[in-house]
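Here is the structure we will look at.
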Amino acid sequence: DGGITQSPKYLFRKEGQNVTLSCEQNLNHDAMYWYRQDPGQGLRLIYYSQIVNDFQKGDIAEGYSVSREKKESFPLTVTSAQKNPTAFYLCASSIGTGLGGELFFGEGSRLTVL
Amino acid sequence: AQKITQTQPGMFVQEKEAVTLDCTYDTSDQSYGLFWYKQPSSGEMIFLIYQGSYDEQNATEGRYSLNFQKARKSANLVISASQLGDSAMYFCAMREGGTNAGKSTFGDGTTLTVKP
């Protein structure tokens, strides 16, 4: 079945460590996104990529990095520079960047800093 | 900058009744897309309905309809005949065009509880 796979589902990190969250899609979508969700709040955009080998900062990019070397993959690295990384992270994709393209989401990765 | 406002942190509705979840938006763009997503307790986001800024008719998808009032910049979600499985968090979102093409902004959500 086509969809978005995020891994790991749960991740624990010690302060000062970098961690990478994986996001893979087999929907043949051009655009991919990373969102952060804090408890009881909406989604905030971290990074997005409209096409392979290109990506743009979202509203809260500080302390995060991404790459888009393949169409199917858009990994997110949470660096030690991110001061409050404990959150729920959602990866999404869309066919393109047209106004009518809904987002398809993965099941999310929950990161906890110990 | 685009902004989405959902003023109802929590809503209750009796099973089989209709409920309206409010959403207002702020943008200077003429072209934009409006979406509603559902997030059950499992965390996954599910697309419900879409309305384009130039669409004259309100969008409908099964029990979901979007009450679009462009002049008031509102895009309320109406769920008819509520079911227990509708209990979830609901998010309104807006998608940009132009140089920020594809970028979506979300509201803070409304938690809907359906009572038996």
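Sequence order for the protein chains is U and Z. The working numbering puts the first residue of the first sequence at 1, with every later residue one more than the last. The working numbering puts the first residue of the second sequence at 115, with every later residue one more than the last. Where is the CB? At the ideal position from N, CA and C, for every residue including glycine.
By the rule that beta-carbons nearer than 8 Å mark a contact, LEU21/U does not touch chain Z.
Residue pairing by DSSP places CYS206/Z opposite TRP150/Z in a beta bridge. For CYS137/Z, no beta strand (DSSP E) segment is defined, and its DSSP state is neither H nor E.
Taking C-alpha positions only, GLU69/U is separated from PRO75/U by approximately 10 Å. Contact annotation, TYR48/U with GLY157/Z: C-beta distance approximately 20 Å; criterion of less than 8 Å not satisfied.
Cβ contact annotation for THR97/U (same chain, cutoff 7 Å, sequence separation greater than five): ALA31 and GLN50, in chain order.
When CYS206/Z, THR219/Z, PHE126/Z and GLN122/Z are compared, the shortest CA-CA separation from ASP200/Z is found for PHE126/Z.
The Cβ-Cβ distance between TYR151/Z and LEU162/Z falls below 8 Å.
With respect to MET208/Z, THR141/Z sits close: the two C-beta atoms are nearer than 8 Å. At a cut-off of 8 Å between beta-carbon atoms, GLU72/U makes no contact with chain Z. DSSP lists THR112/U as the beta-bridge partner residues of PHE12/U.
At a cut-off of 8 Å between beta carbons, MET159/Z contacts chain U. Pairing ALA189/Z with SER7/U, the inter-Cα distance amounts to about 34 Å. Minimum Cα-Cα distance from GLN82/U among the listed residues TYR64/U, PHE88/U and ILE95/U corresponds to TYR64/U. Interface annotation, SER93/U: not in contact with chain Z, CB-CB separation never under 8 Å. Chain order gives no chain Z residues near GLY16/U, where near means a beta carbon separation below 9 Å; the closest approach is about 27 Å.
When only Cα atoms are considered, PHE149/Z and ALA61/U end up about 24 Å apart.
Within the same chain, and ignoring the five residues on either side of SER218/Z in sequence, the residues whose Cβ sits closer than 8 Å to its Cβ are PHE149, ALA207, MET208, ARG209 and GLU210. CA-CA distance, ARG177/Z to PHE105/U, rounds to 22 Å.
In the structure shown, GLY212/Z falls within a helical segment according to DSSP collapsed to helix, strand and coil. Neighbourhood of ARG209/Z in chain U, by CB distance below 7 Å: LEU99, in chain order. Counting the other CB atoms within 10 Å of its CB gives GLU102/U a total of 16 or more, which places it among the buried residues. For PHE12/U, no chain Z residue has a C-beta closer than 9 Å to its own C-beta; the minimum C-beta separation is roughly 17 Å.
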